[in-house]
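Numbering (the numbering used here), first residue to last: 1089 to 1522. For each residue, glycine too, the CB sits at the ideal point set by N, CA and C. On a predicted model such as this, the values are computed, not experimentally measured, just so you know. Notes follow once the structure below has been shown.
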Amino acid sequence: MKVRFAPSPTGYLHIGGARTCLFNWLFARHNKASFILRIEDTDQARSKKEYLDEILESLKWLGLDWDELYYQSERFQIYRAVAEKLLGEGKAYKAEDGSGAVILKMPRKMVRIDDMIHGAISVDTALIKDQVLIKSDQSPTYNFACVVDDNDMRVTHIIRGDDHISNTPKQLVIYEALGYKIPRFAHIPMILGSGGGRMSKRAGATAITEYRRMGFLAAGLVNYLMLLGWSPGNDQEIISLPEAVPKFDLINANKTAATFDMKKLLWLNGQHIRSCNIDALSGLLAPFLDEQSFAKGVNFDGKSLISILKLYQERAQTLVELAQGLKPFFVQEVEFDKDASEKFFSQGLTKEFVLLKDRFMALDDFSAVKIEEAFRAAVAELGVTVKHLIHPLRLALSGRTGGPGMFEFIEVLGKERTIERIERAMKLFKKEGV
RNA sequence: GGCGCUAUCGUCUAGCCUGGUCCAGGACGUCAGCUUCUCAAGCUGAAGACUCGGGUUCGAAUCCCGAUAGCGCUACCA
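Next comes the structure, spelled out in structure tokens:
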């Protein structure tokens, strides 16, 4: 068995293409079949190297590896020879306008597609006009090159988007004219944008690279994509590529178009970030951290970075969000949330903060447990509630109102910086008072 | 317009082939509560769907027909 994914480098690899590729890949790995990648670059004018590179790069990133790689642009002689044969047999003719185009005579008949997902589909070729095989510039048309290649490359199962259903009868006629063995077809449903129509730039991002830039994990995106139009048959939602291989079956593929839902993708991505090995996550995060201006020139050793990362790993849905979350640890002076500082820094907490500072300073063992003990002792001594002090303290130390548990945060921040930040906040108290 | 495909909660889906166990299950999202130093997570609960109309049948989400709607194709693009 053999399958293929055949992208055209006339645009970036988008969500729909990636899903088609994923299904082919899963089918191949499940059946121990080979998976080939065929670049359909017959349109010289529209095909671009940058798109090709982008497609290859995206597929690698997603983890969809191929066994063979072909370029249609290198096979023009083959298509011409096959067209010549059809010409000789009288099954095709040259365009009357002298342009050099080769056109297939459309026989009058009913063609039947036996689709693995849709079942039998019959089409009357009387509704289809004669098909151009070779264009006047001597390049092959899509339907022709596709048939010649699938036969030549011994593709047994053609898994593609169901927007190709109406191309299939045209191709079937070519198969028959050439006496080729007809492969199995499986037309998988399309992915719709939130508006209901095709995914487009307008409806949001469509390029895979775009999702990568937004901080999605390949594992998260692939997980989401495989759930669009397929289900493992039970209620499992979180599933990795290797896990999906033994379970994948086109029998469980849907017939209905699916609407892309960013919210679910985000949730799934968050799940994958949470279950990601911390060292691996640190590596994945690096390029995103580099893009944060606050991270410029700041270098943590791997161990410190990981302890910081642990504080935020469960709190982010994307790598971008995660990188941004780390800010309080990178900056010298935190930027205070405006509303919160107006609220918390005008409560006259100087006495309380001084006590906290003293107690923290006195700690030899600056661990979360000891920090919490010291904090709670101070709170008890002052006769106030934990909440009364912890929120202003969080703001003083992180500049924010939300975030990791306070004591873990303080431990990772370290004694010196904690003291510094408490002192700086107190200066702002005075300002408020004046 | 013609031809084709499709039709279960707002969204992704399970169930449909082999009618009854489905007054339809799960997930995202939404809302409420619990937990908690906040946020997130987690846990509990709620609201929320078989497109419509005809058949067939004792019985239909499941089978058949029709309508409607959505999408796709209708290029010397792929």
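Straight-line Cα distance separating residue j from residue i
{"i": "arginine 1524", "j": "phenylalanine 1424", "result": "Since the first residue shown for the chain is 1089 and the last is 1522, residue 1524 is missing from the structure and cannot be characterised."}
{"i": "leucine 1266", "j": "glutamate 1177", "result": "10 Å"}
{"i": "methionine 1278", "j": "alanine 1341", "result": "12 Å"}
{"i": "histidine 1275", "j": "alanine 1295", "result": "22 Å"}
{"i": "threonine 1213", "j": "methionine 1241", "result": "27 Å"}
{"i": "isoleucine 1253", "j": "isoleucine 1201", "result": "9 Å"}
{"i": "leucine 1305", "j": "tyrosine 1299", "result": "9 Å"}
{"i": "isoleucine 1262", "j": "leucine 1192", "result": "8 Å"}
{"i": "proline 1480", "j": "phenylalanine 1433", "result": "7 Å"}
{"i": "glycine 1151", "j": "glycine 1308", "result": "12 Å"}
{"i": "serine 1395", "j": "valine 1500", "result": "7 Å"}
{"i": "leucine 1516", "j": "valine 1467", "result": "22 Å"}
{"i": "arginine 1196", "j": "lysine 1269", "result": "20 Å"}
{"i": "leucine 1147", "j": "serine 1135", "result": "18 Å"}
{"i": "threonine 1256", "j": "histidine 1206", "result": "13 Å"}
{"i": "glutamate 1508", "j": "glutamate 1440", "result": "16 Å"}
{"i": "threonine 1438", "j": "methionine 1514", "result": "6 Å"}
Cut-off 6 Å between Cβ atoms - residues of its own chain near residue i, not counting five sequence neighbours on either side
{"i": "serine 1187", "result": "Ser1224"}
{"i": "phenylalanine 1454", "result": "Lys1503"}
{"i": "alanine 1346", "result": "Ile1279, Leu1316, Gly1317"}
{"i": "isoleucine 1326", "result": "Gln1359"}
{"i": "aspartate 1378", "result": "none"}
Classification of residue i by the beta-carbon crowding that lies within 10 angstroms, buried from 16 upward
{"i": "alanine 1106", "result": "buried"}
{"i": "aspartate 1549", "result": "Beyond the ends of the chain as shown, which are 1089 and 1522, falls residue 1549; an answer cannot be given."}
{"i": "alanine 1368", "result": "exposed"}
{"i": "valine 1170", "result": "buried"}
{"i": "aspartate 1323", "result": "exposed"}
{"i": "threonine 1406", "result": "buried"}
{"i": "glycine 1490", "result": "exposed"}
{"i": "glutamine 1160", "result": "buried"}
{"i": "proline 1097", "result": "buried"}
{"i": "proline 1271", "result": "buried"}
{"i": "isoleucine 1366", "result": "exposed"}
{"i": "glutamate 1520", "result": "Confidence is the limiting factor: at glutamate 1520 the pLDDT is only 46, short of 50, which leaves the residue's position unreliable and the question unanswerable from this model."}
DSSP-derived helix/strand/coil call for residue i
{"i": "tryptophan 1149", "result": "helix"}
{"i": "glutamate 1128", "result": "coil"}
{"i": "tryptophan 1154", "result": "coil"}
{"i": "glycine 1249", "result": "strand"}
{"i": "glutamine 1420", "result": "coil"}
{"i": "threonine 1108", "result": "helix"}
{"i": "aspartate 1212", "result": "strand"}
{"i": "leucine 1451", "result": "coil"}
{"i": "alanine 1183", "result": "coil"}
{"i": "alanine 1121", "result": "coil"}
{"i": "glutamine 1226", "result": "coil"}
CB contact flag (residue i, residue j, <8 Å)
{"i": "leucine 1110", "j": "leucine 1157", "result": "no"}
{"i": "phenylalanine 1376", "j": "serine 1282", "result": "no"}
{"i": "methionine 1494", "j": "isoleucine 1510", "result": "no"}
{"i": "histidine 1245", "j": "methionine 1350", "result": "no"}
{"i": "valine 1408", "j": "glycine 1487", "result": "no"}
{"i": "aspartate 1203", "j": "phenylalanine 1273", "result": "yes"}
{"i": "phenylalanine 1463", "j": "leucine 1483", "result": "no"}
{"i": "isoleucine 1459", "j": "leucine 1451", "result": "yes"}
Chain-order list of residues whose beta-carbon lies under 8 Å from that of residue i (same chain, five-residue window excluded)
{"i": "threonine 1506", "result": "Phe1448, Leu1485, Ile1498"}
{"i": "leucine 1393", "result": "Ser1370"}
{"i": "histidine 1102", "result": "Met1287, Thr1294, Ala1295, Ile1296"}
{"i": "alanine 1121", "result": "Met1089, Lys1090, Val1091, Phe1115, Thr1244, His1245"}
{"i": "tryptophan 1355", "result": "Gln1405"}
{"i": "alanine 1208", "result": "Arg1200, Ile1201, Asp1202"}
Residues of its chain near residue i, where Cβ-Cβ distance is below 7 Å and the 5 sequence neighbours each way are ignored
{"i": "lysine 1258", "result": "Ile1216, Gln1219, Asn1231"}
{"i": "phenylalanine 1382", "result": "Lys1415, Phe1418, Val1419"}
{"i": "glycine 1413", "result": "Tyr1400, Arg1403, Ala1404"}
{"i": "aspartate 1155", "result": "Ser1122, Phe1123, Ile1124"}
{"i": "glutamate 1142", "result": "Tyr1100, Leu1101, Thr1297"}
{"i": "lysine 1335", "result": "Pro1320"}
Residue i beta carbon near the ligand NAP (any heavy atom closer than 7 Å)
{"i": "arginine 1092", "result": "For the ligand NAP, the structure offers nothing, since it holds no ligand at all."}
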